[in-house]
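Asker: Residue numbers (my numbering), protein chains in the order written: chain A, 34 to 430; chain B, 867 to 1228; chain C, 2 to 120.
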Amino acid sequence: MGVFTIGKVLVDSLFKKTACRMYPVVPREWEERTRGAVGIDIDGCVLCGMCQRACPTNAITVDRKAATWSIERMNCIQCRGCVDSCPPKCLIMEQKYTEPNVEKVIDTFDIPQKKKAPKKDAEGKAPAADAAGGDGPLTCDEETCVYCGLCAKACPADALEVTRKPEKVWKVDEEACVKCGVCIDKCPKDSLSFGGAAAPAEKAEKAPAEEAKEEAPAEKAEAAAAPAAEAGLACAVDDCVFCGACAEACPVDAIKVEDGSWEVDKDTCIECSACVDQCPANCLTMNVGGEGAAPAEEAPAEEAKDEAPAEDKKEAPAEAMMEKAPRVHRFAEMDTELKERIDGFLGEVKENLVKDHGMSEEEASKRVEAALVASRVKRFPYLMGRGAKSMADEIKD
Amino acid sequence: MGKKTIIPFGPQHPVLPEPIHLDLVVEDETVVEAIPSIGYIHRGLEKLVEKKDYNQMVYVVERICGICSFGHGWGACLAIEGAMNVEIPERAEYLRTILHELGRIHSHLLWLGLMADGFGFESLFNHCWRVRETVLDLFEKNTGGRVVFSICKVGGMRQDISDENLKEMVEVLNGIKKEIKSLTDVFINDTSVKNRMVGVGVLTKEEAEELCAVGPTVRGSGVAQDLRLTDTHGVYGKLGFEPIVEEAGDCMARTKVRIREVFQSIELIEKAVSMIPEGPVAVNVKGNVEDGAEYMVRLEQPRGEAFYYARGAGSKFLKRMRVRTPTNMNIPALVKTLQGCDLADVPILVLTIDPCISCTER
Amino acid sequence: MESVHVEQVFEPVELSRIFSRVADLKAEGYRLGQICGVVLDDDNYEIIYSFDKGHKLLNLKLDIPTDAEVESITRIYWPAFIYENEIHDLFGVKFNHSELDYGGTFFKVSETTPWKPKK
């Protein structure tokens, strides 16, 4: 019938419950991803100011001298730009919206100044934190630097340039540097500091756990076992699901997983951390000289730290070189020019293994291949599906 | 020969949905001529290119309009990605297509409600918007916002949407399909609705092509023009997409096109969710757009064809970001259909091109 | 249906030839897409005309000094009046022989020609 076709809908709606929420008696339920207001974990903030740069409405103000972080609530458009660009990930998007108000609301937080004792004792915080006056530009101690490029990758302001071939270069663009200290935290060799003169003094101030790491080149075997039970690979057996993914990933077959038991042969283990990344239960940690646990996302930093003590492993420098190579090779999958360079480098490693360590040709190639396969860490989205141009830009740094 | 009066219509009017001003030259209840005038909501958003870098510009472009918001975010990202020569992962393309089609569903449901309100059928209006709430809840669950999503960025998507969420999305949409059908049956079969819409505002095929109209306005007149047939955006080629065309050219035909597009979008989403690959959803983009690099891309928004043009200046700021929205191109078609209509039909005709004046004026 | 592949085609055109070029395109069956103005530097603008045929895109680029006068294409494509009036109001470019000229009142801006580079 053509006249009252909406009749059925209307009659049904008489008997269904109301589609409206009886607000404000029934409170609103927020979804997990709702973008309401920006919150900050003040303990994690390093006052780098990246959020201020990312904010499209200039709602955030970071005052390094006064050590405050403030946000104008009414200017915020809840875009999550700040949350995504925060290097120490201390900003969170809360679900509840800012309450309506007749005046503009500005929330200011005081960021506590603290030296991070177990980590490198560099000027990671605002200059006010450093009594030793190391307020100079970022410098790298070229003797300890291994040109791994982790600082450049971590830099949120793209201020660092590190290359290994054809020559070793470490350069900082001082205008772009925001002195957030993320690079200093990531450096596996503690080569970075603000104001180079302070660097040797800092090393003396470090905690004993760090000193074990410093002495590693001198005391090879000791560092491997030194903080006894903690060093090397450890499995939180309570969390372990005994799936064996770590054993499969291990290039040197150092892990044995049977029903209800997990074992690692620390002598064979080369501390490449391939197992740590493959573990689905996140129960593996690679402890080097007293460092903390390694969740999957921090695996590159972990592996970089591993590169330093890798020098003291049984198979000496060649193996150590091999651990550094796989990381660069991952990027080289996409760029054929770089791949050729890396292939040359790996050829050198193989030669080294054959000449200095008496391995047979096939054994050496097998080792190199195994290390490459193991290091193809699957959990880094930015490595996969990249356009060639953006990959090349990344390598330039 | 009647007396000619000039009636100013808008920008404030109870029945008019958008702030457009029309000077109607009326002769005894028949509109003889209509002269449009816009500019009441011009915010100069394109000029912000001088102050906001290209990442922040995506947020600005997204907020040009609340109904077409996802399309604007996608278009801005496409234009900048094209100028920088960035390839995004496949999963991101699928996700963008799925969210865009979801946006089309919510936009058409909104339009159906407004159309009903245009001829005074308020209960139908509210029922359409009640169904639309389900779609908005889906948006909030997956992207974090009901109206403005902020989920596209240069290089892909800012967050991934899990496969469970996608399957739930398909289930919810299939669940409301029956309700949408019963509501749209009213539009097509109800006698009083048909009296207001059939035969009103006829735009013949030749006129539609001459006036360069876009979107459902021109698809209701028999021209198969739909940018989802191109390969510049989304994965429509893999989903087997066919444009929906009606021949009559009047208001009812344009309504039917939009109704069928809602059901087609639900099918496209279902197909895309079944085909979506695993993988990353973004690539890391560093650096600036080169000086002189430019890219012109077009998208099929719910209202028609939209142009996005980005031009780099060598620094983090762009030189130009141009958005040309479909309503901009449909205003001449509107002016043509208004000639010779009854005064009471003016709001229906304005609504039938699905105006979005905040898009037009940026 | 097969996806149509769209290329980026930017064709430069001279100021004196713009009208005849657009008339040729109309005869070939092209549909007007949009007209866009770009500020190149203090003395030059660029106007980009976009045309579409069978979902393929063709762009014409017109480089002009800021005080140039351009022939209006509303006689060929009537809907171009929207874009020409907008460019006139925002950039200050004069379009001759326009069929529907709002005389600067199309966009209601508080400052005339806000995009024009200030000397």
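Backbone N, C-alpha and C fix where the C-beta goes; we use that ideal spot for every residue, glycine too. In this text the structure is predicted, and so the values were computed from the model without any measurement.
Output yes if chain C places a C-beta closer than 8 Å to the C-beta of D1097 (chain B); else output no.
Answerer: Interface residue, yes.
Asker: What are the boundary residues of the beta strand (DSSP E) that D143 (chain A) is part of?
Answerer: Residues I139 to D143.
Asker: Is K913 (chain B) close to chain C? Criterion is C-beta to C-beta, closer than 8 Å.
Answerer: Answer yes: the Cβ-Cβ gap between K913 (chain B) and chain C drops below 8 Å somewhere.
Asker: Taking the straight line between their C-alpha atoms, what separation do you get for V898 (chain B) and V892 (chain B)?
Answerer: About 6 Å.
Asker: Less than 8 Å between CB atoms is the rule here; does R998 (chain B) satisfy it with respect to chain C?
Answerer: By this cut-off, R998 (chain B) is not an interface position.
Asker: Which residue from A:E176, A:M55 and A:V71 puts its Cα closest to that of K222 (chain A)?
Answerer: The shortest Cα separation from K222 (chain A) among A:E176, A:M55 and A:V71 belongs to A:E176.
Asker: Can you name, in chain order, every residue of its own chain whose Cβ lies under 8 Å from the Cβ of K50 (chain A), other than the five neighbours on each side?
Answerer: Taken in chain order, the list of residues that qualify is empty.
Asker: By Cβ distance, which residues of its chain are closer than 7 Å to C1225 (chain B), with the 5 residues on each side in sequence left out?
Answerer: Around C1225 (chain B): I930, C931, C934, T1191 and T1193.
Asker: Answer yes or no: does any C-beta atom of chain C fall closer than 8 Å to that of R1186 (chain B)?
Answerer: Yes, because at least one Cβ of chain C sits closer than 8 Å to the Cβ of R1186 (chain B).
Asker: If you draw a straight line from the alpha carbon of P874 (chain B) to that of K1202 (chain B), how long is it in whole angstroms?
Answerer: The straight-line gap from Cα to Cα measures roughly 17 Å.
Asker: Check the Cβ-Cβ distances between I65 (chain C) and every residue of chain B, and say whether any is below 8 Å.
Answerer: For I65 (chain C), the answer is no, since every Cβ of chain B falls outside 8 Å of its Cβ.
Asker: Quick check on this structure: which residue in A:N91, A:G69, A:A70 and A:S103 has the alpha carbon closest to the alpha carbon of C78 (chain A)?
Answerer: Comparing Cα-Cα distances from C78 (chain A) to each of A:N91, A:G69, A:A70 and A:S103, the minimum goes to A:S103.
Asker: If the cut is a Cβ gap below 8 Å, which residues of chain B does F108 (chain C) touch?
Answerer: Correct list: I904, G905, H908 and E1227.
Asker: Is there a Cβ from chain B that is less than 8 Å from the Cβ of P120 (chain A)?
Answerer: So, not an interface residue.
Asker: Taking only beta-carbon atoms, is D117 (chain A) less than 8 Å away from chain B?
Answerer: At least one chain B Cβ lies under 8 Å of D117 (chain A).
Asker: G1022 (chain B) bridges to which residues according to DSSP?
Answerer: In DSSP, G1022 (chain B) forms a bridge with B:K1019 and B:A1148.
Asker: How many angstroms separate the CA atom of G1158 (chain B) from the CA atom of Y84 (chain C)?
Answerer: Taking the straight line joining both Cα atoms gives about 23 Å.
Asker: Could you tell me which residues DSSP puts in a beta bridge with L171 (chain A)?
Answerer: DSSP output for L171 (chain A) lists A:F227 as bridge partner(s).
Asker: Using CA coordinates, which residue listed in B:L914, B:E895 and B:E884 is at the minimum distance from R1188 (chain B)?
Answerer: Per the Cα distances, B:L914.
Asker: Identify, in the order they occur along the chain, each residue of the same chain with its Cβ nearer than 6 Å to the Cβ of R962 (chain B), setting aside the five sequence neighbours on each side.
Answerer: Same-chain partners within the cutoff: W940.
Asker: Indicate whether A945 (chain B) and V1147 (chain B) have their beta-carbon atoms separated by less than 8 Å.
Answerer: For A945 (chain B) and V1147 (chain B), no; Cβs fall outside 8 Å.
Asker: Cutting at 6 Å between CB atoms, please list the residues of its own chain near F20 (chain C), excluding the five before and the five after it.
Answerer: Once the five neighbours on either side are set aside, the close Cβ partners of F20 (chain C) are E72.
Asker: Can you name, in chain order, every residue of its own chain whose Cβ lies under 6 Å from the Cβ of T75 (chain C), other than the five neighbours on each side?
Answerer: Once the five neighbours on either side are set aside, the close Cβ partners of T75 (chain C) are A81, F82, S99 and E100.
Asker: Please determine, among B:E1112, B:G1145, B:D1092 and B:E1108, the residue with the shortest C-alpha to C-alpha distance to L1134 (chain B).
Answerer: Taking only the C-alpha atoms, the option nearest L1134 (chain B) is B:E1108.
Asker: If contact is defined by three or more beta carbon pairs under 8 Å, each pair taking one atom from either stretch, is the segment 1053 to 1064 of chain B in contact with the segment 1077 to 1096 of chain B?
Answerer: No, they do not touch.
Asker: Can you list, in chain order, the residues of its chain with a C-beta nearer than 6 Å to that of V297 (chain A)? Leave out the 5 residues immediately preceding and following it.
Answerer: Excluding positions up to five away in sequence, the list reads L266, A287 and I288.
Asker: For W977 (chain B), count neighbouring Cβ atoms within 10 angstroms of its own Cβ and tell me buried if that reaches 16, exposed if not.
Answerer: Buried.
Asker: Can you check which of these residues, A:L43, A:C308, A:A100 and A:E127, is closest to T141 (chain A) by C-alpha distance?
Answerer: Per the Cα distances, A:A100.
Asker: Give me whichever residues DSSP pairs with A1172 (chain B) in a beta bridge.
Answerer: B:L1165, per the DSSP bridge assignment.
Asker: On the CB-based measure, 16 or more other CB atoms within 10 Å of its CB, does D894 (chain B) come out buried or exposed?
Answerer: The residue is exposed, with fewer than 16 neighbouring Cβ atoms inside 10 Å.
Asker: Output the distance between the C-alpha atoms of V1089 (chain B) and C84 (chain A), rounded to the nearest integer angstrom.
Answerer: One C-alpha to the other measures close to 49 Å.
Asker: So what's Y415 (chain A) in DSSP terms, helix, strand or just coil?
Answerer: With a pLDDT of 33 at Y415 (chain A), under the threshold of 50, the modelled position of this residue cannot be trusted; read the value that follows with caution. Looking at Y415 (chain A) - three-state DSSP - the assignment turns out to be helix.
Asker: Identify the continuous alpha helix (DSSP H) that holds P1198 (chain B) and give its terminal residues.
Answerer: Here the alpha helix (DSSP H) through P1198 (chain B) covers P1192 to L1204.
Asker: Cβ atoms of F936 (chain B) and L965 (chain B): under 8 Å apart, would you say?
Answerer: A contact, by the Cβ cut-off of 8 Å.
Asker: Using a Cβ-Cβ distance cut-off of 8 Å, determine whether D983 (chain B) contacts chain A.
Answerer: Chain A contact via Cβ: absent.
Asker: List in chain order: all unbroken alpha helix (DSSP H) runs of 4+ residues lying wholly within the segment 910 to 942 of chain B.
Answerer: Listed in chain order, they are 920 to 928.
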